[in-house]
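Novice: The structure under discussion is supplied below as structure tokens; questions concerning it will follow.
In our numbering, the protein residues as written are 431 to 842.
Written as structure tokens, this is what we have:
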């Protein structure tokens with residue numbers, strides 16, 4: 431293990447008994463590692479991680495890794511769109527199934543029907559006939575209202591218990607081609623090799639067994655001899671309703687509270703609940719540089735107005751708010767002090783924070799945090815900084831809609 435990894439883990443053991451106090455005596459990354467230790471959330475040590483900054487990068491790497499699969503391929507997505515990239519993926523998966531590779535896939539029932547090219551019953555049946563074991567989490571059935579609450583919003587792929595993918599991208603052409611009404615679709619994804627893969631595998635298997643009522647598991651689905659050459663510290667933090675409903679939000683809040691210099695956040699649906707709002711307001715009061723980037727356009731009507739309302743209030747407290755104009759920024763990223771960062775499926779809105787199944791990676795690696803900070807800085811060139819003048823340009827009607835959206839946020 432590298433010296434930095436040993437130092438951080440030693441500090442974490444000391445901080446675990448009192449993570450709040452440790453924030454004032456340890457570096458921000460050490461304080462959060464201490465908090466994770468106090469919650470018995472593993473911080474895996476031997477990992478290699480690659481940032482995938484576009485849909486093209488993600489699917490090129492993912493398809494190449496799938497082609498090399500020997501034992502199993504597990505996929506868990508909010509939705510698979512029935513378009514060209516989705517069809518390419520399923521053709522590849524069917525080929526691997528014919529080679530004897532176990533292929534399992536989960537999609538969210540609501541997520542499937544929420545896109546305009548869903549997987550229909552006949553298509554799903556053909557996939558199963560081709561060897562792809564694909565199931566829906568909470569399929570939409572009468573009475574329809576009972577499907578509103580919990581959705582599986584995760585994006586996970588695990589290949590041979592050796593490689594994993596996670597982040598903000600589902601499976602759709604628009605991650606590469608964009609959409610006419612909003613332009614380019616910006617997003618962030620991760621490719622992981624190392625011990626953190628086992629954590630993602632465990633999350634997938636738990637969901638698979640919940641949906642299918644099977645008991646899939648055992649050593650054949652885990653790897654205990656990783657040789658990545660790196661010692662990157664990564665914690666996989668999930669949100670699972672009922673059993674682990676608060677740990678992801680609490681880790682976000684503790685990360686904000688631990689900040690000593692700077693926080694940068696990119697999020698496509700920034701209407702957070704009170705604990706995160708309070709933590710950000712307190713950070714500004716402590717003199718922390720808080721920078722927020724939100725998209726000017728969205729794939730969901732009504733959402734930008736709510737985001738603008740919250741962002742404006744944060745701006746008035748002293749935060750710097752940037753409105754991204756070069757398409758739709760769907761990334762879900764936060765960096766702290768250029769020391770650590772988090773990337774995953776979590777939106778900073780009530781639905782993700784309080785209802786859905788989510789998963790984020792917390793990466794305790796300064797080069798990775800700096801790389802994400804560099805992306806943030808580059809994206810400022812395509813953004814408008816919010817100030818009193820730009821806010822006044824918004825019509826009274828749009829401001830009113832934003833107020834209503836903010837009030838309705840807990841119900842959306």
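C-beta atoms are modelled at their ideal positions from N, C-alpha and C, and glycine is treated no differently. All values derive from a computational prediction rather than experimental measurement.
(1) So, are the CB atoms of residue 836 and residue 701 less than 8 Å apart?
(2) What number of angstroms, rounded off, separates the C-alpha of residue 519 from the C-alpha of residue 828?
(3) Which class does residue 831 belong to by DSSP, given the choice of helix, strand or coil?
(4) If contact is defined by three or more beta carbon pairs under 8 Å, each pair taking one atom from either stretch, is the stretch 802-811 in contact with the stretch 628-638?
(5) Which of helix, strand or coil does DSSP assign to residue 718?
(6) Just list the residues that DSSP pairs residue 813 with in beta bridges.
(7) Report the rounded CA-to-CA distance for residue 707 versus residue 526, giving the unit in angstroms.
(8) Using 8 Å as the threshold, is the stretch 602-616 in touch with the stretch 532-541, meaning 3 or more CB pairs across them?
(9) Following the continuous alpha helix (DSSP H) through residue 737, name the residue where it begins and the one where it ends.
(10) Could you give the DSSP three-state label for residue 670: helix, strand or coil?
(11) Strictly by DSSP, which residues pair up with residue 461?
(12) As a quick exercise: from 752, 823, 819, pick the residue whose alpha carbon is nearest that of residue 811.
(13) Does DSSP classify residue 787 as helix, strand or coil?
(14) Could you spell out the range, first to last residue, of the alpha helix (DSSP H) harbouring residue 595?
(15) With 16 as the cutoff for other CB atoms within 10 Å, does residue 826 come out buried or exposed?
(16) Would you give the residue range spanned by the beta strand (DSSP E) that residue 516 belongs to?
(17) From the DSSP secondary-structure annotation, give me the bridge partner or partners of residue 725.
(18) Does the separation of the CB atoms of residue 735 and residue 602 fall below 8 Å?
(19) Unbroken beta strand (DSSP E) runs of length 3 or more, entirely within the stretch 595-635: which are they?
(20) DSSP state of residue 780, grouped into three classes?
(21) Would you kindly report the start and end of the unbroken alpha helix (DSSP H) that includes residue 677?
(22) Excluding the 5 residues flanking residue 782 on each side, which residues of the same chain have their C-beta closer than 7 Å to its C-beta?
(23) Under the assumption that residue 522 contacts residue 562 (Cβ atoms under 8 Å), give the Cβ distance between them as a whole number of angstroms.
(24) Identify whether residue 478 lies in helix, strand or coil by the three-state DSSP scheme.
(25) Cutting at 7 Å between CB atoms, please list the residues of its own chain near residue 696, excluding the five before and the five after it.
(26) Looking at the secondary structure, which residues open and close the alpha helix (DSSP H) in which residue 495 lies?
(27) Keeping to the same chain, check which residues put their C-beta closer than 8 Å to that of residue 642; ignore five residues upstream and five downstream.
(28) Do you know how far the Cα of residue 571 is from the Cα of residue 475?
(29) If I'm right that residue 620 touches residue 595 with Cβ under 8 Å, what's the distance once you round it to whole angstroms?
(30) Indicate the three-state DSSP secondary structure (helix, strand or coil) for residue 663 in the structure shown.
(31) DSSP three-state call for residue 647: helix, strand or coil?
(32) Rounding to the nearest angstrom, what Cα-Cα distance links residue 528 and residue 500 in this structure?
(33) Can you grab the Cα-Cα spacing for the pair residue 714 / residue 672, in whole Å?
(34) Would you kindly work out how many angstroms separate the C-alpha atoms of residue 495 and residue 703, rounded to a whole number?
(35) In the structure shown, what three-state DSSP assignment does residue 848 receive?
(36) In the DSSP assignment, find the beta strand (DSSP E) that holds residue 692 and state where it starts and stops.
Specialist: Let me spell this out:
(1) yes
(2) 41 Å
(3) helix
(4) no
(5) coil
(6) 754
(7) 46 Å
(8) no
(9) 733-747
(10) strand
(11) Answer by DSSP bridge pairing: none, since residue 461 is not bridged.
(12) 752
(13) strand
(14) Residue 595 -> not in any alpha helix (DSSP H); beta strand (DSSP E) instead, spanning 593-597.
(15) exposed
(16) Counting along the chain, residue 516 falls outside any beta strand (DSSP E), though it belongs to the alpha helix (DSSP H) covering 514-528.
(17) 754
(18) no
(19) 619-624
(20) helix
(21) 677-688
(22) 583, 776, 788
(23) 10 Å between Cβ atoms; not a contact.
(24) strand
(25) 723, 759, 761, 763, 806
(26) 485-497
(27) 565
(28) 43 Å
(29) 7 Å
(30) strand
(31) coil
(32) 12 Å
(33) 32 Å
(34) 38 Å
(35) Because the chain is modelled from 431 through 842, residue 848 falls outside the range shown and cannot be assessed.
(36) 692-696
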